[in-house]
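Notes for the one structure printed next.
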């Protein structure tokens, strides 16, 4: 199936709500589907009239999307987890809250893409164009291979995990040195290595 036919099939399935996340309709599983060279990008002629191509919430989990293009696409909340996206093009795409966990994204172009709150847990981002600024806006990078081939550290920790001590059904008293760290939580540390709950709250 050529790239144009693949595009038509994906658009049909999407408009029929068969590959939308959280759709009330029966969904089609595209895991391992050959969608290599798929071109969903907005053409230059249409980009004069439309800022983005809206296919948000699309479900492409586990699909093979090598050398695919989603340039200028609106893909917020979409699921690309476990997908093979080597050499893909996401230039100027909107990818807020998109899920790329365990995806293969080496050599992928994210130039000017919005990846705010995107999930890149355990993804392979080696040699991708994601900048440090873009990566700083992601929801989580836990276990991911970064563009420079290093592995993202586990840095989201709760210090003093016993903050619920001395609480009741009506109120809670938290330690004065409680530290709040925004982002996904990957570990909880407690100095006594145990949790003591007072008043059974």
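Residue numbers (our numbering): 740 to 940.
Backbone N, C-alpha and C fix where the C-beta goes; we use that ideal spot for every residue, glycine too.
Owing to the predicted nature of the structure, the values given are computational and were not obtained by experimental measurement.
Report back the beta-carbon spacing between residue i and residue j to the nearest angstrom; my notes put them in contact at under 8 Å.
i, j, result
"residue 857", "residue 837", "5 Å"
"residue 843", "residue 866", "Actually they do not touch by this definition, with Cβ atoms about 12 Å apart."
With distances taken from CA atoms, which of the options is nearest residue i?
i, options, result
"residue 832", "892, 740, 795 and 754", "795"
"residue 805", "826, 870, 811 and 814", "826"
"residue 830", "839, 854, 762 and 747", "854"
"residue 881", "760, 887, 891 and 743", "891"
"residue 803", "849, 762 and 742", "742"
Is the separation between the beta-carbon of residue i and that of residue j shorter than 9 Å?
i, j, result
"residue 800", "residue 818", "yes"
"residue 845", "residue 828", "no"
"residue 841", "residue 875", "no"
"residue 835", "residue 809", "no"
"residue 839", "residue 852", "no"
"residue 746", "residue 778", "yes"
For the alpha helix (DSSP H) containing residue i, name the first residue and the last one.
i, result
"residue 745", "742-754"
"residue 840", "No alpha helix (DSSP H) contains residue 840, which DSSP labels as neither H nor E."
"residue 875", "871-875"
State buried or exposed for residue i, treating a residue as buried only when at least 16 other CB atoms are found within 10 Å of its CB.
i, result
"residue 750", "exposed"
"residue 767", "exposed"
"residue 909", "Because residue 909 sits at a pLDDT of 48, beneath the cut-off of 50, its placement in the model cannot be relied upon, and the point is left open."
"residue 756", "exposed"
"residue 847", "buried"
"residue 764", "exposed"
"residue 770", "exposed"
Taking 9 Å as the CB-CB limit, is residue i close to chain D?
i, result
"residue 764", "Given the protein chain composition of this structure (a single chain), no chain D is represented."
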